[in-house]
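So the structure is just underneath, and the comments pick up after that.
Numbering (this note's numbering), first residue to last: 136 to 537.
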């Protein structure tokens with residue numbers, strides 16, 4: 136499988152200027168190619184192919200006074216910009232055909248976009264020097280903060296400048312079966328929530344860090360300062376970067392929490408089951424901020440790709456499974472319950488069930504995993520039998536089972 140590793144870059148002032156030039160040239164080539172295709176569509180002409188566009192917006196454009204500065208950057212960067220446009224059109228047409236979720240047509244890129252990126256392939260002859268620097272054509276040797284070792288030689292490198300003004304080098308590598316972990320026995324069901332970020336079928340409850348909620352005071356102060364600055368001024372641009380950095384710290388902390396938790400669960404369990412939550416629907420409710428702060432989709436995506444990489448089993452059950460309504464002891468459906476009910480008693484078997492742990496156990500069973508509610512808050516109490524059930528039966532009475 137392909138994995139992407141990102142490392143922080145620290146370019147000098149001259150290298151930042153060269154990167155800005157590369158970002159701008161890639162954006163201009165992208166917009167020129169998009170304009171040529173839109174013009175051909177409006178005039179009823181055939182769809183221009185990538186080869187013809189390359190000759191028009193790159194090779195011939197370099198020979199004109201208006202686009203002569205395109206020669207100041209690597210040609211590979213410009214070619215990759217055309218590939219990005221081809222990918223955008225392919226995704227758009229595949230969405231119309233029903234092959235993937237629908238998305239809009241390609242749009243022009245703006246020089247005011249706060250996120251910029253350029254990609255270098257092996258044809259660009261980029262390299263990592265003996266001193267650990269990233270050597271890029273027509274840019275120079277960039278200082279890299281290596282936090283880990285790449286598992287193999289990367290095929291491409293993408294230089295990204297994010298909204299907070301930080302630079303990253305993103306490498307794409309191929310990994311083989313050497314990353315498969317030894318088999319283990321535990322199988323786990325996970326119930327994601329807001330009160331607790333995750334409740335496991337073994338009874339463990341993981342608190343929600345609420346990174347956004349904890350940083351709200353600092354974010355409000357930075358946003359208030361931004362609103363007071365005059366539009367178009369240098370001070371406003373500096374204030375915008377401060378707001379972006381504050382949000383970046385929150386996103387980085389959340390991503391680190393997701394990585395650590397997902398790696399721990401994957402290493403300790405052979406199979407993991409989660410529920411396919413309707414995050415987009417929940418994000419339109421009054422709980423939208425808390426839902427976005429939890430980041431369930433990113434966490435589930437990490438579990439999925441790490442399970443595939445390390446040889447674990449990952450199962451996602453349907454979102455309409457009544458995991459919170461079914462008793463994990465007798466499998467009898469007790470009906471819907473409001474959110475404020477955190478503990479309920481099964482009317483059939485008399486088990487006192489913790490709502491979240493019971494749901495996690497049901498998630499695992501719905502996925503076909505063999506789990507038990509170890510350390511779960513489940514206890515049996517005596518429940519008076521209803522009049523209609525008083526007496527003895529040769530066989531247990533029938534009940535509505537899930």
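We put the CB at the ideal spot given by N, CA and C, even for glycine.
None of these values were measured; they are calculated from a predicted model.
**OP:** Could I get the ranges of all uninterrupted alpha helix (DSSP H) runs contained in the stretch 157-220, with 4 residues as the minimum, in chain order?
**Re:** Taking only runs of at least 4 residues, the alpha helix (DSSP H) segments lying wholly in the stretch 157-220 are 185-189.
Original post:
Do you know whose CA, among 227, 287, 471, 488, lies nearest residue 237's CA?
Top reply: 227
Original post:
Taking the Cβ atom as the reference point for each residue, do residue 504 and residue 324 lie within a distance shorter than 8 Å?
Top reply: yes
Original post:
Counting pairs of beta carbons, one from the stretch 454-468 and one from the stretch 478-497, are three or more of them closer than 8 Å?
Top reply: yes
Original post:
If you draw a straight line from the C-alpha of residue 339 to the C-alpha of residue 347, how long is it?
Top reply: 24 Å
Original post:
Can you round the beta-carbon distance between residue 345 and residue 428 to whole angstroms, since I take them to be within the 8 Å contact cut?
Top reply: 6 Å
Subject >> Burial state of residue 474, where buried means 16 or more other Cβ atoms lie within 10 Å >> reply: Exposed is the call here.
Subject >> residue 352 - DSSP class collapsed to helix/strand/coil >> reply: Looking at residue 352 - three-state DSSP - the assignment turns out to be helix.
Subject >> CB contact flag (residue 412, residue 327, <8 Å) >> reply: yes
**OP:** May I ask you to report which of helix, strand or coil DSSP gives residue 326?
**Re:** strand
Original post:
To the nearest angstrom, how far is it from the Cα of residue 432 to the Cα of residue 157?
Top reply: 33 Å
**OP:** Would you mind sorting residue 116 into buried or exposed? The rule is 16 or more other CB atoms within 10 Å of its CB.
**Re:** In the structure as shown, the chain begins at 136 and stops at 537. Residue 116 is therefore absent and cannot be evaluated.
**OP:** Within the same chain, show all residues whose beta-carbon is closer than 6 Å to that of residue 167, passing over the 5 residues directly before and after it, in chain order.
**Re:** Closer than 6 Å at Cβ, skipping near neighbours: 192.
**OP:** Could you tell me which of 386, 384, 358 sits nearest to residue 373, measuring between CA atoms?
**Re:** 358
Original post:
Can you tell me where the beta strand (DSSP E) with residue 275 in it begins and where it stops?
Top reply: 275-280
**OP:** Could you check what DSSP says for residue 309 in three-state terms: helix, strand or coil?
**Re:** strand
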